[in-house]
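J.: Protein chains in written order, with our numbering: chain Y, 1 to 303; chain E, 304 to 616; chain A, 617 to 943. Glycine is no exception: its CB is placed at the ideal position from the N, C-alpha and C atoms.
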Amino acid sequence: MNHQAHSSSMAAPLQAVELPIRRAKSEWRVLRFLKRHPQIVAGSLILLVVTLVAIFAPLLGTVDPRAISVTKRLRPPSAEFWFGTDALGRDLYSRVVYGARISVGVSVSCAFLSCVGGSIVGMVSASGRWADSVVMRVMDGFMSIPSMLLAIALMAATRGSVGTVIAAITVVEIPRVARVIRSVMLALREMPFVEAAVAAGSTTPKIFVRHLLPAVVSPLTVQATFVGSAAIIIEASLSFIGAGTPPTIPSWGNIMADGKALWQVKPHLVFIPAVFLGVTILGVNLLGDGLRDALDPRMAERS
Amino acid sequence: MVYYVFRRLLMLPPVTLIVAFIVFGLLYITPGDPAAMIAGDQATPEEVERIRVSMGLDQPFYIRFAFWVWQLMNGDLGTSIFANQPVVQMIGQRIGPTFSLLTMSLAISVAIAVPVGVAAAWQRGHAIDRIITALTVLAFSLPVFVVGYLLAFSFSTSLHWLPAQGYVPLAEGFVPYISHLILPSLTLGVSYAAILARTTRASMLDVLTQDYVRTAVAKGAGPRVILYKHALRNASVPIVTVISIGIATLMGGSVITESVFSIPGLGRLTLDAILHRDYPVIQGVVLLFSASYVAINLITDLAYTIVDPRIRY
Amino acid sequence: MTVVLEVQRLNVSFVATSGSVRAVRGVSFSVARSETLAIVGESGSGKSVTALSLMRLHDAERTKISGSVKFKGAELLEVSEAEMRSVRGNEIGMIFQEPMSSLNPLMQIGNQVAEAILLHQSVSRSEAKQRALRLLIQVGIADPERRMREYPHQLSGGMRQRVMIAMALACDPEILIADEPTTALDVTVQAQILDLMRELKARTGASIVIITHDLGVVAELADRVVIMYAGVKMEEGTTAEIFSRPAHPYTVGLLGAIPSLDRNRSEGPLTEIPGQVPSPSHARVGCSFAARCSLSSSICFETEPELEDVSPSHTAACHHKIRTPVA
Numbered sequence: 001m002n003h004q005a006h007s008s009s010m011a012a013p014l015q016a017v018e019l020p021i022r023r024a025k026s027e028w029r030v031l032r033f034l035k036r037h038p039q040i041v042a043g044s045l046i047l048l049v050v051t052l053v054a055i056f057a058p059l060l061g062t063v064d065p066r067a068i069s070v071t072k073r074l075r076p077p078s079a080e081f082w083f084g085t086d087a088l089g090r091d092l093y094s095r096v097v098y099g100a101r102i103s104v105g106v107s108v109s110c111a112f113l114s115c116v117g118g119s120i121v122g123m124v125s126a127s128g129r130w131a132d133s134v135v136m137r138v139m140d141g142f143m144s145i146p147s148m149l150l151a152i153a154l155m156a157a158t159r160g161s162v163g164t165v166i167a168a169i170t171v172v173e174i175p176r177v178a179r180v181i182r183s184v185m186l187a188l189r190e191m192p193f194v195e196a197a198v199a200a201g202s203t204t205p206k207i208f209v210r211h212l213l214p215a216v217v218s219p220l221t222v223q224a225t226f227v228g229s230a231a232i233i234i235e236a237s238l239s240f241i242g243a244g245t246p247p248t249i250p251s252w253g254n255i256m257a258d259g260k261a262l263w264q265v266k267p268h269l270v271f272i273p274a275v276f277l278g279v280t281i282l283g284v285n286l287l288g289d290g291l292r293d294a295l296d297p298r299m300a301e302r303s
Numbered sequence: 304m305v306y307y308v309f310r311r312l313l314m315l316p317p318v319t320l321i322v323a324f325i326v327f328g329l330l331y332i333t334p335g336d337p338a339a340m341i342a343g344d345q346a347t348p349e350e351v352e353r354i355r356v357s358m359g360l361d362q363p364f365y366i367r368f369a370f371w372v373w374q375l376m377n378g379d380l381g382t383s384i385f386a387n388q389p390v391v392q393m394i395g396q397r398i399g400p401t402f403s404l405l406t407m408s409l410a411i412s413v414a415i416a417v418p419v420g421v422a423a424a425w426q427r428g429h430a431i432d433r434i435i436t437a438l439t440v441l442a443f444s445l446p447v448f449v450v451g452y453l454l455a456f457s458f459s460t461s462l463h464w465l466p467a468q469g470y471v472p473l474a475e476g477f478v479p480y481i482s483h484l485i486l487p488s489l490t491l492g493v494s495y496a497a498i499l500a501r502t503t504r505a506s507m508l509d510v511l512t513q514d515y516v517r518t519a520v521a522k523g524a525g526p527r528v529i530l531y532k533h534a535l536r537n538a539s540v541p542i543v544t545v546i547s548i549g550i551a552t553l554m555g556g557s558v559i560t561e562s563v564f565s566i567p568g569l570g571r572l573t574l575d576a577i578l579h580r581d582y583p584v585i586q587g588v589v590l591l592f593s594a595s596y597v598a599i600n601l602i603t604d605l606a607y608t609i610v611d612p613r614i615r616y
Numbered sequence: 617m618t619v620v621l622e623v624q625r626l627n628v629s630f631v632a633t634s635g636s637v638r639a640v641r642g643v644s645f646s647v648a649r650s651e652t653l654a655i656v657g658e659s660g661s662g663k664s665v666t667a668l669s670l671m672r673l674h675d676a677e678r679t680k681i682s683g684s685v686k687f688k689g690a691e692l693l694e695v696s697e698a699e700m701r702s703v704r705g706n707e708i709g710m711i712f713q714e715p716m717s718s719l720n721p722l723m724q725i726g727n728q729v730a731e732a733i734l735l736h737q738s739v740s741r742s743e744a745k746q747r748a749l750r751l752l753i754q755v756g757i758a759d760p761e762r763r764m765r766e767y768p769h770q771l772s773g774g775m776r777q778r779v780m781i782a783m784a785l786a787c788d789p790e791i792l793i794a795d796e797p798t799t800a801l802d803v804t805v806q807a808q809i810l811d812l813m814r815e816l817k818a819r820t821g822a823s824i825v826i827i828t829h830d831l832g833v834v835a836e837l838a839d840r841v842v843i844m845y846a847g848v849k850m851e852e853g854t855t856a857e858i859f860s861r862p863a864h865p866y867t868v869g870l871l872g873a874i875p876s877l878d879r880n881r882s883e884g885p886l887t888e889i890p891g892q893v894p895s896p897s898h899a900r901v902g903c904s905f906a907a908r909c910s911l912s913s914s915i916c917f918e919t920e921p922e923l924e925d926v927s928p929s930h931t932a933a934c935h936h937k938i939r940t941p942v943a
């Protein structure tokens, strides 16, 4: 034992001390990781709360958000109506709580669909020079149209529904995801390990799944958060100008649109959903920022 | 160099064509009769037919598209279904306020964001940097209309410093023109400025680690010389890129902003068109914005060659 | 012999999230007027860190420097940042290893050289440009008028280094610090740059502190040599003494590793020093070189050797100094 210590100090730098229990070490690692990235924690917490609100909306002391009551219009916040009522006598609290469903639902759907769609497009684009120039030209075309305007045009050309909103936002966001996936794919194609796999006789789909897909996961996750954030903003904006979620379904943008006419005298109609919107989007952005910092070693060192 | 400009100009038509195709083709993505779609559920068969003829929807797709492109090249954006006016004319009437709004937002945002980003980069890790970073995340998380109401409520409704509605053309006085544009421009620019400040900070941080900055320090240069004379110039390519690409955000946001502040511009035109399902107007506005955006990006591409003498393609 | 720069017990540590790293440990040396001092060592020896510390070019947030750096009577480690700026580029000039990345790629050469003048002397822009032109001629750049308007990427590596030298000498400094100035250059260009440095030194009387791992450069240019290893000064002496009567086993190893056309095969393979430089983040006991030294004994692992005189101008830190009889 003694001899061991002596020779190790002679021949090499001090060895790291081995912790006796492996499990404790990995738990510590996770905690340390979270401590170094408070944004991920904060963002996830916010999103968790909002998602729970969305899922358990009926159980949170709400009434039917569409129930109109002509006699109880424009009431201020009270014991009966926690956030007051809107111009049609509807309970604002219930509308706002149910509105979370739209924001969460649209955000998650669009993030998922545009990641899938964008990955397919990106991979197709990276698969051959001819495919690349065609696909990229078309993507360039899409990206030349300001996203909000493209969304508006799409909504104007179709019948308005939540599904249409999701589809419109997905179309708007796919080009960006596709571009990222494409550049990852192109970079990977050049890498020696791909050549090695080909030389070893691996088939194309196998190369795909085992080598290329894992490299795509982290940029895709970051892009998913960007899309999620943009989706909430676009849906709310569309609903606000009357081109988004149909007015029968409560969405935070809708609610603000309803309150638009009277906002100077009854500002709470506009500001309460605005706060919910802001906090939720902030949550997604914090999570996205945190993930990006965590997954990009260069950025992490910088901050 | 001239060759490069020429080559880039050559790329303009294909992209614009694709844009036109997309905008034009949107009408046809849903199954069913586009005319009925536009006419709405309450329309009578005569109204549907009228729309179909006025938009030429009775002809095959490719003929329609070719004709439409031909019209475009002659400066004709079609006729509004609802107002029965040439779209170009309607746009011409409303473009002034929107242009003022966009230009002012751009100017204010760049003027604020770049120095803020430089300051954050120089003071990396310190209080100023942390505050700026936190503020940018917040600013970036608020949709345009939320910011709009916040600003309008604070500065107009509560403090009565600035008007919250309407637009005054420049011809009727400089001060009213500006005072009506301040809140909308700030609203529109906040989110854009946040991204710009972040990009500036990141790009500056990149540059500040470079060897030539160390050389400048070794020559005895002080912070201002280093930051603005050496670093910023070298950091500007990504910054200019983001300025250019972000203009799309400004364009999209202008529609919303005009709604919040009741500005009679193209945004309002678009919103009315949405209400009345006036598709030619929407097409026209979207096409105009897109073409402008493509042109702006092209100019930026060319501007790179001035900023960085190494870029000669 | 007047001393222009006196460094005493210089310690430089870098603060990282995982702890601090001591890159330079208690190094002392001095530079006399018109003298060329070479600081020699392999990668990781702390020689570049030492050079950057002289003008406080390290990131103040992450670096802890202690000790003393006296320049013309002033303690450089304690003067204000503003005062330091008036010294940098003015009384002490510095050139770096990579001339391509050390020049601003977006600024014309003429402006960069002129800047070196304008930062410290109140002359007009045109006057500064005139002087810049003369400097370019002095450092041997052909067709200087054209080069003034060009950008760094349009010049060759050797020319860029000449421009760096011109910038560093623009205000007639007392000391020129050169951090591996020839490492990134072709061999033929290296010789030209060394000739230029020698010539300029003769003309201006400036002192030179040259950091290098190349003993050939040392032989060409240096009056005295400091040998560093793992952040510690191991030996110091005149060039003649170091090359002909090295006292420290490490120096002997370095000299033995120089390939030469005169060697014949019977002399055996080039000396290799087995092992690796110890990491700067770990604590040390005894001599830093002991683990790799063929002469080491138990005292070497227990007590760090002090610098002791081998001759009036020659010191070494070793318990087993090699004494070569003077021929």
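First and last residue of the alpha helix (DSSP H) that includes H268/Y?
T.: Along the first sequence, one-based indexing puts residue 268/Y at 268. Unbroken alpha helix (DSSP H) run through H268/Y: 268-295.
J.: Any idea what DSSP makes of Y845/A, helix, strand or coil?
T.: For the purposes of this step, residue 845/A is taken as residue 229 along the third sequence, with counting starting at 1. Looking at Y845/A - three-state DSSP - the assignment turns out to be strand.
J.: I need the DSSP call for V520/E, collapsed to helix, strand or coil.
T.: By 1-based counting over the second sequence, the position of residue 520/E is 217. V520/E falls in the helix class under three-state DSSP.
J.: Taking the alpha carbon of G244/Y as the point to measure from, which residue in N537/E, V540/E, I559/E, L553/E has its own alpha carbon closest?
T.: Mapped onto the first sequence, residue 244/Y falls at position 244. If we check each option's Cα against that of G244/Y, I559/E comes out closest.
J.: The ligand FMN heavy atoms versus the CB of R90/Y: any closer than 6 Å?
T.: With respect to the ligand FMN, the structure shown offers nothing to examine, as it has no ligands at all.
J.: Relative to the alpha-carbon of I249/Y, which residue among L47/Y, V198/Y, H37/Y, V97/Y has its alpha-carbon at the smallest distance?
T.: Locating residue 249/Y in the first sequence gives position 249, counting from the first residue. Taking only the C-alpha atoms, the option nearest I249/Y is V97/Y.
J.: Of all the CB atoms in chain A, is at least one closer than 7 Å to the CB of A410/E?
T.: One-based indexing of the second sequence puts residue 410/E at position 107. Taking Cβ atoms only, chain A never reaches closer than 7 Å to A410/E, which makes this a no.
J.: Secondary structure at H674/A, three-state DSSP: helix, strand or coil?
T.: Taking the third sequence and counting its residues from 1, one reaches residue 674/A at position 58. Looking at H674/A - three-state DSSP - the assignment turns out to be coil, as it is neither helix nor strand.
J.: Counting contacts by CB-CB distance shorter than 7 Å, is P583/E in contact with chain Y?
T.: What you label residue 583/E is simply residue 280 of the second sequence in a count that begins at 1. Chain Y contact via Cβ: absent.
J.: For the candidate residues A274/Y, M256/Y, L150/Y, R179/Y, whose alpha-carbon lies nearest to that of A167/Y?
T.: Within the first sequence, numbered from 1, the residue matching residue 167/Y stands at position 167. For the residues A274/Y, M256/Y, L150/Y, R179/Y, the minimum Cα distance to A167/Y belongs to L150/Y.
J.: Curious, which full-length alpha helix (DSSP H) runs of at least 4 residues does the segment 617-683 of chain A contain?
T.: Those alpha helix (DSSP H) runs which fall completely within the segment 617-683 of chain A and span 4+ residues are 663-670.
J.: Expressed to the nearest angstrom, what Euclidean distance is found between the alpha-carbon atoms of L291/Y and R433/E?
T.: Looking up residue 291/Y in the first sequence gives position 291. Looking up residue 433/E in the second sequence gives position 130. Taking the straight line joining both Cα atoms gives about 18 Å.
J.: Looking at chain A, which residues of the segment 507-518 of chain E have a Cβ within less than 8 Å of any of its Cβ atoms?
T.: Per Cβ criterion, the list reads Q513, D514, Y515, R517, T518.
J.: Which residue's Cα is closest to the Cα of L837/A: L871/A, V868/A, I809/A, A732/A?
T.: Taking the third sequence and counting its residues from 1, the one referred to as residue 837/A is at position 221. When each option's Cα is compared against that of L837/A, the closest is I809/A.
J.: Which residues, taken in chain order from the segment 145-156 of chain Y, show a beta carbon closer than 9 Å to some beta carbon of chain E?
T.: Listed by position, the residues of the segment 145-156 of chain Y near chain E (Cβ gap below 9 Å) are I145, P146, S147, M148, L149, L150, A151, I152, A153, L154, M155, A156.
J.: Below 8 Å CB to CB, which residues in the same chain sit around V311/Y once its five sequence neighbours on both sides are set aside?
T.: One cannot answer for residue 311/Y here, as it falls past the ends of chain Y, which runs 1 to 303.
J.: Out of curiosity, what's the CA-to-CA distance linking R189/Y and V216/Y?
T.: By one-based count along the first sequence, residue 189/Y stands at place 189. By one-based count along the first sequence, residue 216/Y stands at place 216. Cα to Cα, R189/Y sits roughly 12 Å from V216/Y.
J.: Give me, in chain order, the residues of the same chain whose beta-carbon lies closer than 6 Å to that of R23/Y; leave out the 5 immediate sequence neighbours on both sides.
T.: The residue given as residue 23/Y occupies position 23 in the first sequence. Its pLDDT being 49, under 50, R23/Y is placed unreliably by the model, and the measurement read from it follows with that caveat. Excluding residues within five positions, none has a Cβ falling inside 6 Å.
J.: What separation, rounded to the nearest whole angstrom, lies between the Cα atoms of D604/E and I241/Y?
T.: Walking along the second sequence from the start, residue 604/E turns up at place 301. Walking along the first sequence from the start, residue 241/Y turns up at place 241. Going by the C-alpha atoms only, they are around 34 Å apart.
J.: Any Cβ of chain D within less than 7 Å of the Cβ of Y767/A?
T.: Absent from the structure is chain D; the protein chains it does hold are Y, E and A.
J.: Is the beta carbon of L508/E closer than 7 Å to that of A424/E?
T.: For the purposes of this step, residue 424/E is taken as residue 121 along the second sequence, with counting starting at 1. For the purposes of this step, residue 508/E is taken as residue 205 along the second sequence, with counting starting at 1. Yes.
J.: Identify whether E815/A lies in helix, strand or coil by the three-state DSSP scheme.
T.: The residue given as residue 815/A occupies position 199 in the third sequence. E815/A falls in the helix class under three-state DSSP.
J.: Taking the alpha-carbon positions, what's the L601/E to L312/E distance?
T.: Walking along the second sequence from the start, residue 601/E turns up at place 298. Walking along the second sequence from the start, residue 312/E turns up at place 9. Rounded to the nearest angstrom, the two C-alpha atoms are 8 Å apart.
J.: Counting only Cβ pairs nearer than 9 Å, list the residues of chain E close to F712/A.
T.: Translated into the one-based positions of the third sequence, residue 712/A becomes position 96. The answer, in chain order, is D514, R517, T518, A521.
J.: On the DSSP letters alone, give me the boundaries of the alpha helix (DSSP H) that T931/A sits inside.
T.: Indexing the third sequence from 1 puts residue 931/A at position 315. That residue, T931/A, is in no alpha helix (DSSP H); its beta strand (DSSP E) goes 930-933.
J.: Assuming C903/A contacts E922/A (C-beta within less than 8 Å), just tell me the rounded distance between them.
T.: Looking up residue 903/A in the third sequence gives position 287. Looking up residue 922/A in the third sequence gives position 306. Contact flag wrong, Cβ pair sits at about 11 Å.
J.: Which residue marks the beginning of the alpha helix (DSSP H) containing S251/Y, and which one marks its end?
T.: Looking up residue 251/Y in the first sequence gives position 251. Premise fails: S251/Y is in no alpha helix (DSSP H) and is neither H nor E.
J.: With a threshold of 7 Å between beta carbons, is A732/A in contact with chain E?
T.: Here residue 732/A refers to the residue found at position 116 of the third sequence. Yes, A732/A counts as interfacial toward chain E.
J.: What three-state label does DSSP hand M554/E in the structure shown?
T.: For this step, residue 554/E is matched to residue 251 along the second sequence. If DSSP states are grouped into helix, strand and coil, M554/E belongs with the helices.
J.: In whole angstroms, what is the alpha-carbon distance linking A131/Y and V540/E?
T.: Counting from 1 along the first sequence, the entry for residue 131/Y is found at position 131. Counting from 1 along the second sequence, the entry for residue 540/E is found at position 237. So the alpha carbons of these two residues sit roughly 29 Å apart.
J.: Under a CB-based cut-off of 7 Å, is I602/E close to chain A?
T.: Here the question's residue 602/E lines up with position 299 in the second sequence. Not an interface residue.
J.: Please name the residue in R747/A, S669/A, G756/A whose C-alpha comes closest to that of E694/A.
T.: Residue 694/A sits at position 78 when you count from the first residue of the third sequence. When each option's Cα is compared against that of E694/A, the closest is S669/A.
J.: Mapping DSSP to helix, strand and coil, what is T919/A?
T.: Taking the third sequence and counting its residues from 1, one reaches residue 919/A at position 303. In this structure, T919/A counts as coil in the three-state DSSP scheme.
J.: Straight-line CA distance for A947/A to K532/E?
T.: Nothing in the structure corresponds to residue 947/A, since chain A is present only between 617 and 943.
J.: Kindly indicate which three-state DSSP category R840/A falls into: helix, strand or coil?
T.: By 1-based counting over the third sequence, the position of residue 840/A is 224. Looking at R840/A - three-state DSSP - the assignment turns out to be strand.
J.: For the putative contact between R638/A and S684/A, defined by C-beta atoms under 8 Å, what is the C-beta separation to the nearest angstrom?
T.: Taking the third sequence and counting its residues from 1, the one referred to as residue 638/A is at position 22. Taking the third sequence and counting its residues from 1, the one referred to as residue 684/A is at position 68. That pair is no contact at about 17 Å.
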